[in-house]
Structures are given as C-alpha cells and as structure tokens.
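Below is one structure, written out as structure tokens; the observations come after it.
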Amino acid sequence: MLKGPRRACICGMGTRSRARPFIPEERCAERPGEERPLAVPAKASKKSSLIEFSAEKLDDPNEGTTFGNFSVTCKCPHCVRSVDTLIDYETSWVTWLLAFLVWLCIGWLAFWVLPLLWPVFKDVVHRCPTCLNAIARKARISLPTFRSELMSLKVGSCAIVLARKYVLVLLGLVGVIFTVYCLRYALPHPEMVKGPSSQLTWADFLEDCGPSKALRSSPQTARLVTEKYRNRTITWQGEVGPIREGVDFGFMKTKSLLFIRMNPPRYALRDAPDVALLFGEDLFLEVAKLNPGDWVQFEATLQHHGERGDPTVLALWHVAVESRYGTGSALESA
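At position 58 of the sequence shown (counting the first as 1) the number is 153 in the numbering used here, and the numbers step up by one without a gap.
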C-alpha cells in the first residue's frame, strides 16, 4: 500500500492542469474596472530648414605661439604640417586711415612722406610655404589699451611704454588744445578793415621800429608802432618771395600768405622775408600773376609788428608788378 504523499503525486500527474495566462505588471497594478488612459502622442519635431549653420569648437594648434614681424615655426591649420612661415605685407583699413591722417596733417607734402611710411602702415601676414594659406595676421602698429597699468604704442620694431596716468594727462592736454584750435576757427572773426592812408615809407619804419631800435628800447618801439603804423594803410615796394595757400577744410579756414623781401632788408645777414601779406579769395587773380623774384608795389594795412626775426604782418588790398627802377605807380595804372 502506497503512502499518502506519493499517491497524491500520482493523482496530480494524471489530472489535466490549465495554464495560467501571463499578466504584465502594469496591468496587475491596474484596479479592476479602471480604464487605462490613452497614450498622448509626442509633439512633432520642428521642420528642418534647408540651410543650417553650426559651430564647432576646435583646438588652436598654435596656441602660445607669438606671431611677430619675423618668421616663426608653427603648425599650419590647413595642411596640418609643421612649417616655418613666410612673411607677407598687406594693406588694411588701418593703413588707409593712417595715410589719410598723414595727408590731412601735412598736406601735399604727404606725397613725398607716404612712400616712406607706407610699408610701416601695412599688416604682417604669416603664410604657410606649402599651401600659401594665411596662418596669422598682425598689425605693425598696435594701439594701447586702458586695461593695464602700463600702456605701449608699437610701430614696427619700436615701442613707447608709458604709465596709464601719464597717457590720460597727455590725452587731456591734446583734447584741450584741439578744442581751443577748433573754437578759434569756428567762431566768427571781425573782418579786416582798411585803415587811413599813411605816407610813411619802409625807410621810416626801419628807423622807428628796426632791430637796433627795438633792442635799445622795446617799450618805446611798441608805442611808436601803435601810434604811427598799426591799422594804417601804407604803400610800399618789395621783391616777391614764397606764396603759401591758406587752409580751407571744414571748420578750419585760414588766409593765404604772400611773403615780401624789402629793400633794404630788415636783417642784412639773413635771407628771410621782411613782410607777410594776408589775402583772401578776392585777390587770387592778382596774386596769380606774380612770380618769385618779381618787384611789386602793394597797398596793405599793418596788423602786427614782427619781433625776434618774424616778418611784419599786413592785410593786403592791392598788388601789382612794377619795374624795379620805374617812376610811375603800378597800382594807379592798374
């Protein structure tokens, strides 16, 4: 007779058992009678454009390399080779700006000065000798910045190093001078007035206000100039010297100058003009007929007595060429 446990095992083997269905854990967690919420579809991604721009950060192979005015050994980022750079010089907007400032400061003389300064104004370009691509670009003129205590202005291989406070003081002085200079020409000036006529000659002027008289008694000379010559219209003769055209640029406008060397000269040992005649655009036609060395007769009003070798300044009204030994008046015939 079999024991109980084994009999139960045999009975179980003979009985057909039904397989239990597999239920996921999610459904097991649901309560009976509760509906499962429907899945919400995710939002559609934005429509991709035809042209897309992306930036990728790359390591600089020449980090720490100083590119100066001479060739250096570096790695070309284009052909990825270690090369010794070729030096090339190219113009930039700084080059043209500096050239314009030079022309503005010295005028037509810049045509002789700019060929010497033009190579200094160009930028230094380091190129790869294999692929000829530009590796680095450096300006030969580096302007200072206010971030550091020491400021340097570098032009080519030369540099000026100053403390920041001295640079600020210098810029302040330049700003004050420039402002006064602009106001001097921007504000309206009184027009030159033709004073009363005087029959005093150049010989009389030398006798009263010549160098020997001015050295002996300067206050007396100043008094004689004020009483007898200043704002008086005189007619003298002399030899034409240099002619300088005035400046007419924006707010800056100056008179033109006609220099005259008198006979006898004020300083016998110096080849310098004795008289400077100021004239405007209304006398351009008369002055255009003159050549250096011509003997002329002019009518002008004395404005300022020249001291320490400076010429005496007069306001010109008329000028005409006359024979050096002529007897008639060229101004009256004109």
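We put the CB at the ideal spot given by N, CA and C, even for glycine.
None of these values were measured; they are calculated from a predicted model.
Separation of Thr316 from Pro368, as counted between CA atoms
Between Pro368 and Thr316, the C-alpha separation is close to 21 Å.
Given 8 Å as the limit, is there contact between the stretch 166-173 and the stretch 183-192, that is, 3 or more CB pairs closer than that?
Between the stretch 166-173 and the stretch 183-192 there are fewer than three inter-stretch CB-CB distances shorter than 8 Å, so the stretches are not counted as touching.
Relative to the C-alpha of Thr180, which residue among Cys200, Asp303, Asn157, Gly202 is closest?
Comparing Cα-Cα distances from Thr180 to each of Cys200, Asp303, Asn157, Gly202, the minimum goes to Asn157.
Since Gly341 contacts Lys350 with CB under 8 Å, what's their CB separation in whole angstroms?
Confirmed, about 5 Å.
Since Leu411 and Leu385 are thought to touch, with beta carbons under 8 Å apart, how far apart are those beta carbons, to the nearest angstrom?
Going by Cβ atoms, the distance from Leu411 to Leu385 rounds to 11 Å, so no, they are not a contact pair.
Taking contact to mean 3 or more Cβ pairs, one atom from each stretch, closer than 8 Å, check whether the stretch 385-403 and the stretch 318-333 are in contact.
Verdict: yes, contact present.
Can you tell me the Cα-Cα spacing of Ser418 and Trp390, whole angstroms?
CA-to-CA, the gap between Ser418 and Trp390 works out to about 6 Å.
C-alpha distance - Asn228 paired with Ala234, whole-angstrom precision:
Cα to Cα, the separation comes out at about 18 Å.
Using three-state DSSP, classify Gly388 as helix, strand or coil.
Reduced to three states, the DSSP call for Gly388 is coil.
Over what stretch of residues does the beta strand (DSSP E) that includes Asp155 continue unbroken?
Counting along the chain, Asp155 sits inside no beta strand (DSSP E), nor does DSSP assign it H or E at all.
Cα separation between Cys253 and Ala371?
Taking the straight line joining both Cα atoms gives about 41 Å.
Name, in chain order, the residues that DSSP records as bridge partners for Glu394.
Residue pairing by DSSP places Glu394 opposite Thr330, His413 in a beta bridge.
Rounded to whole angstroms, what is the Cα-Cα separation between Tyr276 and Gly270?
Spanning the alpha carbons of Tyr276 and Gly270 requires a straight line of approximately 10 Å.
Tell me the rounded alpha-carbon separation between Val215 and Ser247.
The straight-line gap from Cα to Cα measures roughly 17 Å.
How about Leu209 and Val197: do their beta carbons lie closer than 8 Å?
In contact: Leu209 and Val197 (Cβ atoms closer than 8 Å).
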